[in-house]
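Please read the structure below before turning to the comments.
Protein chains in written order, with this note's numbering: chain A, 51 to 510; chain B, 200 to 587.
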């Protein structure tokens, strides 16, 4: 009746003779024959010798020869063509010809041994790797080129300590510096952060924790504003703030323009981070009777802390590097100005822009040096962001985990080793049960904190 | 009269409780007939006004008459303050952003009323003689952005596939953070590189293309007056081609990270199924990863396009501004809206500023459309990656 086929070895002793005919004809025949020598057996895993581990992703010798051969042949062909056979010139042409030849020879070599699908696969892998190499090469080259051309300026200490006030356009690199631009950048970005960090994070909290129709509207609007071209943000501040209110360019105007540009970025990044906070943490907090504000302040924000810090730092990096809003609003100056409310205040990207507009070689080198300082600043911010962030919400470092464990141990000890006086709830409880409607709902039933009365002696 | 239910075993009770039709009913009502002496009561559906908040109350019925307890609680003082503060923050944000939009529109209105629809078709830009339009600058903006896409998209797709499919281990996370870092490199740095390095090295390439592909009208470089083919190097500087390459490199990191995000979410089961059916890695990418990540790809391309359209400084440093439509992308001279604003805001009169605002508003609307299309495509795609 039950017709279950198992792949296990039939245990002959378990089978009663009377049950055998019901267990299917073929198996029955085999089991009866298997009394003497079992037809199937489970191999003992310990008997099988284990060979050397095979790397699944390793390439074979054949494949390696293909790629090395093609890599050698491509440039060789290009050199031959350029040197002797054809009237081709120029490094760009050489690279293009060498690459094409490399691809062609690689296809040829692979197709000696493999079918079409595999040839396609190999060629596409090579193309993908080439795209990566080109991209990373180009991006690294952009940075290295800037730093190397500005290196001469970076070697002079006065580049960091002096301003351009006393340095004429024809002066060498040993006079003048960009300290005024560094100070200007720091002041402007500080003002922008003072505006955007509280506003941005609170708005992100509003989007996530309060919700509702208005929150959706806010989210749509802030998403839309990420599309605002930064020059338009600058133009807005120029027309609305400089022309109508202050009538002069100032660091404050530049900071406002940067804020208008940074705010949507900040909101969006913090919003994404807050959305990653696990819902069960919130629910646990509510279940313990905490209020909404308490949940946000002591559960949601601490959990998302590293992500929020990362978001802030990345937005700062964007804000520092933006030139176009500052171009319209801050004004260009060569003197140190620490008052953001009055007078032009230059910042690093604008100083770069101002330097390289000049044809003087010394100024151009200064421009590259300033750009190198800017890159290093952004790099520094980025590394700090990686060190702080890079962890999802709720992931703790070892030290944090130890501290949390220690805190909960302390709590446990505090609770278990001390006797507390039971708070007199007896008069309150009938009121709670009999007249529920009149219960002040503004005070949610928070569990009374276990406060030991001073008369109590802690039991050992 | 409800059907008499019998519960023979716990399984019946369980299936009844987890059944979709009965799960919305309170347990008490389901078991009403089992509970002696209780009558199911209709919950009170009337809206309840509680302080400032009005809500539809529908509370579960409690049995036993008097001790019905309201589950609706008014927020504590800290909560109301919190709610108020965060609401204010949201309102402030919206206020700032709407102010930007409204102010731009109002100020742009002056110029638009003078020029009317002609604003979109006029090439010259001299607001003081009331002859201005954005045909040339919008054309230049799009030319640069499209060249940037031709440069950037193959690199971005290739690198995103490389990062999600080929490279693994610590190298991958290093490269991913490199891409993120590159997205933060200031645009003025790219502008410097384009101006001082790329320009000199691209001119021979431009010359070669214009020599051998002049039969494609876009690549021809001719003197606009005589129609003569130009070959000297000065005819190829500061072109839309060079600006496009620089802007393309600038937007690649943004595109790459959006695409990589989408590709890496392709389900493992489908990947393994493709491999189990004997496909090669490229076959798997073509049949699983690319169809899955298509939305992310399109979204990434459009996000990059949005950034390319709004790019200012790199373009401003490289191009030499002209106010005519220049089809020959390799030839000197092009323009873009943001470069126009950066160029002309200083000497502009009030009316000129209003004209610039109109141009900025048009640019903003275009990038807005591009960005919203991108995020809706990404959100509707299977991968549903976040675009940030």
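Heads up, the beta-carbon is just placed ideally off N, CA and C, and yes, glycines get one too.
Using a threshold of 8 Å, state whether the C-beta atoms of residue 306/A and residue 391/A are closer than that. no
Just to confirm before moving on: does the CB-CB distance between residue 156/A and residue 188/A stay below 8 Å? no
Three-state secondary structure assigned by DSSP to residue 418/B: helix
Give me the residue from 299/A, 467/A, 254/A and 143/A with the minimum Cα distance to residue 565/A. The first residue shown for chain A is 51 and the last is 510, placing residue 565/A beyond what the model contains.
Suppose you measure from the CA of residue 390/B to the CA of residue 437/B; what does that come to, to the nearest Å? 12 Å
Alpha carbon of residue 540/B to alpha carbon of residue 358/A, nearest angstrom: 34 Å
Residue 230/A lies in the alpha helix (DSSP H); which residues open and close that run? 229-255
Meets three-Cβ-pair contact criterion under 8 Å: the stretch 484-499 of chain B and the stretch 256-266 of chain A: no
Identify every run of the alpha helix (DSSP H) within the stretch 141-201 of chain A, keeping only runs that are complete inside it and at least 4 residues long; order them along the chain. 141-163
Residues in the stretch 256-275 of chain A having any Cβ partner in chain B nearer than 8 Å: 256, 257, 259, 260, 264, 265, 267, 268, 271, 272, 273, 274 and 275
List the residues of chain A whose Cβ lies closer than 7 Å to the Cβ of residue 544/B, in chain order. 285, 288 and 378
For the 8 Å Cβ check, are there 3 or more pairs between the stretch 413-420 of chain B and the stretch 420-439 of chain A? no
Which listed residue (441/B, 562/B, 566/B and 525/B) has its alpha carbon closest to that of residue 513/B: 441/B
Buried or exposed: where does residue 467/B fall if 16 or more other Cβ atoms within 10 Å of its Cβ makes it buried? exposed
What is the C-beta distance between residue 402/B and residue 383/B, in whole angstroms, given that I count them as a contact (C-beta under 8 Å)? Actually they do not touch by this definition, with Cβ atoms about 30 Å apart.
Is residue 365/A buried or exposed, if buried means 16 or more other CB atoms sit within 10 Å of its CB? buried
Is it a yes or a no for the stretch 276-291 of chain B touching the stretch 522-535 of chain B, going by three-plus beta-carbon pairs under 8 Å? no
Identify whether residue 372/B lies in helix, strand or coil by the three-state DSSP scheme. helix
Mapping DSSP to helix, strand and coil, what is residue 330/B? strand
Quick one: using the 10 Å Cβ neighbour count with 16 as the cut-off for buried, is residue 510/B buried or exposed? buried
For residue 320/A, does the count of other Cβ atoms within 10 angstroms reach 16, so buried, or fall short, so exposed? buried
By the DSSP assignment, the alpha helix (DSSP H) with residue 206/A in it spans what residues? Careful: residue 206/A lies outside any alpha helix (DSSP H) and carries neither H nor E.
Residue 285/A beta carbon less than 8 Å from that of residue 555/B: yes
Anything in the stretch 170-190 of chain A with a Cβ closer than 7 Å to a Cβ of chain B? List those residues in chain order, please. 170, 171, 174, 175, 177, 178, 179, 181, 182, 184, 185, 186, 188 and 189
Cβ-based neighbour list, residue 354/B, same chain, cut-off 6 Å, excluding 5 preceding and 5 following: 451
How should residue 224/A be labelled, buried or exposed, when 16 other C-beta atoms within 10 angstroms of its C-beta is the threshold for buried? exposed
Assuming residue 313/B is part of the alpha helix (DSSP H), what are its boundary residues? 276-314
Is it buried or exposed for residue 411/B, if we count other Cβ within 10 angstroms and need 16 for buried? exposed
Rounding to the nearest angstrom, what Cα-Cα distance links residue 483/B and residue 469/B in this structure? 9 Å
Taking contact to mean at least 3 C-beta pairs separated by less than 8 Å, is the stretch 145-156 of chain A in contact with the stretch 455-462 of chain B? no
Along the chain, where does the alpha helix (DSSP H) that runs through residue 434/A open and close? 411-438
Using DSSP with H/G/I as helix, E/B as strand and the rest coil, what is residue 219/A? coil
Go ahead and label residue 116/A buried or exposed: buried means 16 or more other beta carbons lie within 10 angstroms of its beta carbon, across all protein chains shown. buried
Exposure of residue 413/A, with buried meaning 16 or more beta-carbon neighbours within 10 Å: buried
Tell me the DSSP bridge mates of residue 520/B? 533/B
With C-beta atoms as the reference, is residue 334/B less than 8 Å away from residue 319/B? yes
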